Amino acid sequence: MTSKYEIFCTVVECGGFTEAARQLNYSQSAVSQAVRTLEQELGVRLISRERHRLTLTKDGKTYLPYIREITAAERRLEQKQAEMRNLDNCVIRLGTFTSVSQTYLPQRIRVFNGRYPGARFSMYQGGYDDIAQWVDTGEADLGFISLDAITPANYKMLYRDRMVAVLPLEHPLAGAEEVTLEYIRLFRQARDEGWDKPRFLREASHIPGIYVPSLYDVTYHEDGTVAAVTPRFDDVPAVVTKRIIQDMDKAYFPVKTIIPSTEIVHDRVMLELFRGCIRGCRFCQAGYAYRPVRSRSPELLAQYGKQSLEDSGYREMTLSSLSSTDYPCLMELCDDLLDYCQARDIGLSLPSLRADTFSMGLMERLQRVRKGGLTFAPEAGTQRLRDAINKNLREEDLMQSVRTAFAGGWSGVKLYFMLGLPTETDEDVLGIADLARKVYFAWRECTPNRARGVRITVSTSWFVPKPHTAFQWEAQITREEYQRRVDLLRDALRHDRSITYNWHDIQTSYLEAVFSRGDRRLADVLEHAWRHGAKLDSWSEYFDPQRWSDALAACGLNGDFYAHRERAKDEVFPWEVPSVGVSRGFLWRERELCYQSVTTPDCRTRCSACGANKLLERGRTCG
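Using our numbering, the first residue of the sequence shown is number 1, and each one after it goes up by one.
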């Protein structure tokens, strides 16, 4: 384990905490905490943390030579210890299989090398029998195998795995929440009896919740729209309704977290509070697809959260759901987790804040450990448009929330919006600028410290109509129209220095619209693009829009047909067979209410008969 003295020296040599954390393979917060601990022990401030650079204080310059001497002495001591234990400059040969080498070993090797930096590891991957033979013949110093396999004479139980099924996204079971033993038993039967693939797939289609695309024929009209999606056999279901987990408390939760060896986006514990959403925003695919609402108990969540933190060593935990503040026991859960997190300097965050449920009580809980930024998603700039998309958020609720936050010491707020929503006008676009200015004036009115300044970030994305939503019939506005609305908003905010405006890339949003409502003909486009170099296109530095245009042209398809075309009420959709449990009639009624700017109450206020409640066992209700 790296000492606080070495960490401090590394920070000085690297000129900052970020680079030091990267070199040491620590989180930035852990590096900062080590330096703070050293400063507390010495009773002086060693580093001056300015905005863009790091400098040593006068005391820091005085103490630095002595700390370097301590660090050098520590290294010499560790080197001597390693020499005495024959662990310096040695090679440890490990026999292992894939899951152990990718999940269990990296963290252990990292810790081991922190103590014995001269030790090197050589890994041999194979089956259980191979590993046992390598250990027996001396080709490997030790091996990892299952006790069900051939076991060497000397062994020690280290870990018990929970067996789970891991499936590719295109697999028939990938859309189901729960993989049942039915499929596993069928697979074993097919293997033991020597079935061919067509027979296995046909038998699998008889299991409720499994969709096998190859068992359906798709015909098209002359204009390219879908004429029909027809099962090839009488025993194949015309509609496949999703399977759901009935009781979230009985669902598996991965407290044994896989720790990646590289930095990832969500490098923290993710604690899912509940599944589904009560709100009914008409643009939100997840809000419809994950219905009905099912929650975990706060006691079990607190247990899972603490176990995950202990196992992983993460310094941050996120309470994650589509709308986290709608969790009925949120305050109780926060109090339990914060008592644990505060004592260990672990951050707790709520990324999915609703402006109408943000409160002083919640804010006080969030800032007990560390204060992060606040993000709200009004989605639209005017009340009329928010009602049209059923956001169920009033402007006064948003303003009350930001006033509460600013009065409590926050000085940064991010506001997310969409451009191109159904019924949107220029007045709605300019309403975004007006709303952002109102947030700024709320800060001036409520902040206890104007000298700190304020950071208000407005971000807009290009609205993409999604399947299984009330807007699945809508056309995405054209690229030219989206850019015009971006320019309109940018000009409106040009002179507001405290407001930063960001907007989403046009090309990637266009492709998202193409593929979100595409049909099976786009599979050829994907393959063509891949064969011509489209492999890491989620990263902007690798994305090439021309490559995708060429792929569409090569396959004889027009992207605008999928992205910018409004659908007729009775048009057959490519996604007709798999059902999320929400009826098509309900979605159409919601679309009509949009054009009337009429809202639908949330599910806890009144059931709107969407159909998802039929997925629950008798006697249960949504939420």
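Virtual Cβ for every residue (Gly too), placed ideally from N, Cα, C.
Computed from a predicted structure; not experimentally measured.
From the DSSP output, which residues share a beta bridge with residue i?
i, result
"glutamine 125", "Thr96"
"tryptophan 530", "In DSSP, tryptophan 530 forms no bridge with anything."
"tryptophan 462", "Leu419"
"methionine 317", "Val269, Leu348"
"arginine 49", "Leu54"
"isoleucine 456", "Val413, Ile499"
"leucine 374", "Val413"
"valine 91", "Arg120"
"phenylalanine 274", "Ser295"
"glycine 143", "Gly95"
"glutamate 379", "Phe417"
Looking at the structure shown, is residue i part of a helix, part of a strand, or coil, going by DSSP?
i, result
"valine 236", "coil"
"isoleucine 412", "It should be noted that the sequence gives glycine, not isoleucine, for residue 412. Strand, per DSSP."
"tryptophan 134", "helix"
"tryptophan 572", "For the sequence presented, residue 572 should be read as valine rather than tryptophan. Strand."
"arginine 22", "helix"
"alanine 228", "strand"
"leucine 398", "helix"
"arginine 243", "coil"
"serine 324", "helix"
"serine 579", "strand"
"glutamate 74", "helix"
"glutamate 481", "helix"
"glutamate 474", "coil"
"glutamate 541", "coil"
"glutamate 566", "coil"
For the beta strand (DSSP E) containing residue i, name the first residue and the last one.
i, result
"valine 218", "216-220"
"methionine 248", "Note, methionine 248: premise wrong, no beta strand (DSSP E); not H, not E."
"tyrosine 501", "499-503"
"glycine 347", "347-349"
"glutamate 617", "No beta strand (DSSP E) contains glutamate 617, which DSSP labels as neither H nor E."
"glutamate 592", "From DSSP, glutamate 592 is part of no beta strand (DSSP E) but of the alpha helix (DSSP H) over 584-595."
Can you find a heavy atom of the ligand SAH that lies under 7 Å from the Cβ of residue i?
i, result
"leucine 587", "Looking for the ligand SAH in the displayed structure turns up nothing, as the structure carries no ligands at all."
In its own chain, which residues sit with a C-beta less than 8 Å from the C-beta of residue i, not counting the 5 before and 5 after it?
i, result
"glutamine 483", "Ile506"
"aspartate 247", "Arg294"
"glutamine 28", "Phe17, Thr18, Ala21"
"phenylalanine 573", "Val226, Pro467, Gln472, Arg517, Arg567"
"leucine 186", "Phe200, Glu203, Ala204, Ile207"
Return the chain-ordered list of same chain residues with a C-beta closer than 6 Å to the C-beta of residue i, the five sequence neighbours on each side being excluded.
i, result
"alanine 609", "none"
"isoleucine 625", "An answer regarding residue 625 cannot be provided, because it is not within the stretch 1 to 623 covered by the chain."
"asparagine 390", "Gly280, Cys281, Arg282, Thr599, Thr600"
"glutamate 316", "Arg268, Gly347"
"tryptophan 443", "Phe406, Val454"
"cysteine 607", "none"
"aspartate 519", "Pro574"
"glutamate 576", "Val229"
Which residues mark the beginning and the end of the alpha helix (DSSP H) in which residue i is found?
i, result
"proline 467", "Run containing proline 467: none; DSSP gives neither H nor E here."
"proline 545", "545-554"
"glutamate 445", "426-446"
"alanine 388", "383-388"
"alanine 612", "Alanine 612 -> no alpha helix (DSSP H), and no H or E assigned at all."
"threonine 357", "It is not in any alpha helix (DSSP H) - threonine 357 carries neither H nor E in the DSSP assignment."
"serine 638", "Residue 638 falls outside the range modelled here, since the chain spans only 1 to 623, and no answer is possible."
Going by beta carbon distance, what residues of the same chain come within less than 7 Å of residue i, once the five residues before and after it are set aside?
i, result
"phenylalanine 112", "Ala119"
"methionine 123", "Leu94, Thr96, Ser101"
"threonine 103", "Ile258"
"histidine 171", "The predicted position of histidine 171 is uncertain, since its pLDDT is 47 and thus under 50; a value taken from the coordinates is nonetheless stated next. Around histidine 171: no qualifying Cβ."
"alanine 251", "Ile245"
"glutamate 512", "Val464"
Would you say the segment 587-598 touches the segment 403-419, given that touching needs at least three Cβ pairs under 8 Å? no
Sufficient close CB pairs (3 or more, under 8 Å) joining the segment 474-485 to the segment 493-510: yes
So does the segment 320-336 actually touch the segment 276-283, counting three or more Cβ pairs closer than 8 Å? yes
Decide if the segment 427-442 is in contact with the segment 492-504; the criterion is three or more beta carbon pairs, one per stretch, under 8 Å apart. yes
Taking one C-beta from the segment 550-564 and one from the segment 524-536 each time, how about it: are there three or more such pairs within less than 8 Å? yes
So, do the segment 283-298 and the segment 570-585 have three or more beta carbon pairs nearer to each other than 8 Å? yes
Inter-stretch contact at 8 Å, needing at least 3 Cβ pairs: the segment 392-403 / the segment 418-429: no
Three Cβ pairs or more, each shorter than 8 Å: is that satisfied between the segment 326-338 and the segment 9-21? no
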